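Novice: One structure follows; several queries about it will come next.
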């Protein structure tokens, strides 16, 4: 765990990254960039063959981005700026050969691109309520668990209406939206580790590969097959994706 006095961007030039903060987990597949504001305690985890790039922002630029963790789709220009700023060592420092003024100009271009980008629905909020934490632990351990919210509630001694209200009020989404986000996160990890679409679909709880492909594409913007082989599109995804109920 670590925190920084400056906000920073974490870019997955290849593979899948997860950025964990006290607010939750931001999933960063290739060609997305995660933003962590200054002061947020966090840690990174890489899945598969991952190329991680990190760029710190001065406060004058950081204030132009959200004050909470977020994930953005990177444009072609933003990608090239990130690669230019980080150089061969995957980290922003003087070794890239740019003067301070040139670096600032590139950083301003990068921030402008991100402000115009589509914010991705790839941040999985971390529950604080003990009852929601109990459900989260069960589903983290077994993403394929297709129990309904009522069935999960019986395991922890809470009613469906109470849990539904907690999901909406505390996490800003329904139980099924949250579980779909969780499952897509696990799917990204499995795909990065070399599993095929069918194996991943069943391992993450979808009744069939077709419903998995629809849910994955709604959130990530490309199919699991294209994502796995690296033939990714840059189709923007909506801020609130259509949720396909994983149990089919």
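Numbering (the working numbering), first residue to last: 90 to 337.
A virtual CB, placed ideally from N, CA and C, is assigned to each residue, including glycine.
Since the model is a prediction, treat every value here as computed from it, not as a measurement.
Are the Cβ atoms of residue 234 and residue 227 separated by less than 8 angstroms?
Specialist: yes
Novice: Identify, in the order they occur along the chain, each residue of the same chain with its Cβ nearer than 8 angstroms to the Cβ of residue 245, setting aside the five sequence neighbours on each side.
Specialist: 220, 223, 224
Novice: So residue 174 and residue 133 are supposed to be a Cβ contact under 8 angstroms. How far apart are they, rounded?
Specialist: About 18 angstroms separates the two Cβ atoms, so there is no contact after all.
Novice: What do you reckon, are the CB atoms on residue 260 and residue 232 nearer than 8 angstroms?
Specialist: no
Novice: Which residues mark the beginning and the end of the beta strand (DSSP E) in which residue 124 is found?
Specialist: 121 to 125
Novice: What residues in its chain sit with their C-beta under 6 angstroms from that of residue 183, if we drop five residues either side in the sequence?
Specialist: Only weak support exists for where residue 183 lies, its pLDDT of 48 falling under 50; the coordinates are left without a value.
Novice: Rounded to whole angstroms, what's the CA-CA distance from residue 197 to residue 153? Just pull it up for me.
Specialist: 10 angstroms
Novice: On the premise that residue 206 lies in contact with residue 161, defined as a C-beta separation below 8 angstroms, what is that separation, rounded to the nearest angstrom?
Specialist: 4 angstroms
Novice: I believe residue 158 touches residue 115 by the beta-carbon criterion, under 8 angstroms. Please report the beta-carbon distance rounded to the nearest angstrom.
Specialist: 5 angstroms
Novice: Please give me, in chain order, every unbroken run of the alpha helix (DSSP H) with length at least 4 that falls completely inside the region 285 to 310.
Specialist: Whole alpha helix (DSSP H) segments, 4+ residues: 286 to 292, 298 to 309.
Novice: Enumerated in chain order, which unbroken segments of the alpha helix (DSSP H) with a length of 4 residues or greater are wholly contained in the region 164 to 241?
Specialist: 165 to 175, 189 to 205, 219 to 230
Novice: Grouping DSSP H, G and I as helix and E and B as strand, with all else coil, what is residue 161?
Specialist: strand
Novice: Under 7 angstroms Cβ to Cβ from residue 267, same chain only, skipping five residues before and after it: list those, please.
Specialist: The answer, listed in chain order, is 256, 260.
Novice: From which residue to which residue does the beta strand (DSSP E) around residue 154 run?
Specialist: First-last for residue 154: undefined, no H or E at that position.
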